[in-house]
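Notes follow once the structure below has been shown.
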Amino acid sequence: MIYTKTGDKGTTSLVGGSRVNKDDMRVEAYGTVDELNSHIGLLAEMLRTQHEEHYKELKTVQHNLFDLQTLLATEDADIYARLPKLESKEVEALEQQIDSITAQLPQLHSFVIAGGTMAGAQCHVCRTVCRRAERRVVTLSKHAEIDDTIMSYLNRLSDYLFVLARLAVVAEGKDEDLYIN
């Protein structure tokens, strides 16, 4: 059954069963990562046919974000210890992808205005939701212990989404919309 009615009064269960308000900072953190994961799903589908390599990278990101959400949704230390962790190799993989994409792009001397193509615009939506998720995790980290790899991963992921946005525009032969003051 999809509905349980247990959340009708504004609470939800964390991993392990403890109940918290739906606006709890932990729920805000993993909920924003969930939102990011959905936006990345849309982006992946937009890139599937023309950028299969990046489609596969984004599917890996989605799996990593599910692990990250589970970690953020767990306050019980014993349960947390048994969960799959996000490893530093995942951050390093994003860095390698960033470097590879950046090598294919023209030098940047200005801020980029979001848009250019549908996929490019969606990359920027993902990037900004990723930055918000990162802020929510920072807020949570002031009250709960958060693995440094989670923070690094979200930070690097937003950088990856930025360069992927640029690539999505350039690969379609479009000009990037640059901010001119």
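Just so it is clear: in the sequence shown, position 5 is 11 by the numbering used here, and no numbers are missing.
C-beta atoms are modelled at their ideal positions from N, C-alpha and C, and glycine is treated no differently.
All of these numbers come straight from a predicted model, not from anything done at the bench.
In this structure, residue 77 lies away from residue 64, with their beta-carbon atoms at least 7 angstroms apart. The DSSP-derived three-state label of residue 164 is helix. Look at the segment 110–147 and you find these whole runs of alpha helix (DSSP H), each 4 residues long or longer: 124–147. Distance check between residue 163 and each of 9, 69, 34 and 97 places 97 closest, using alpha-carbon atoms only.
When C-alpha distances from residue 42 are compared across 178, 142 and 105, the shortest belongs to 142. For the set 177, 53, 10 and 186, the Cα lying nearest the Cα of residue 108 is the one of 177.
Shown here for residue 117: same chain residues with a beta carbon closer than 6 angstroms to its own, the five before and five after excluded, namely 185 in chain order.
Ranked by Cα distance from residue 168, the options 49, 32, 31 and 13 are led by 49.
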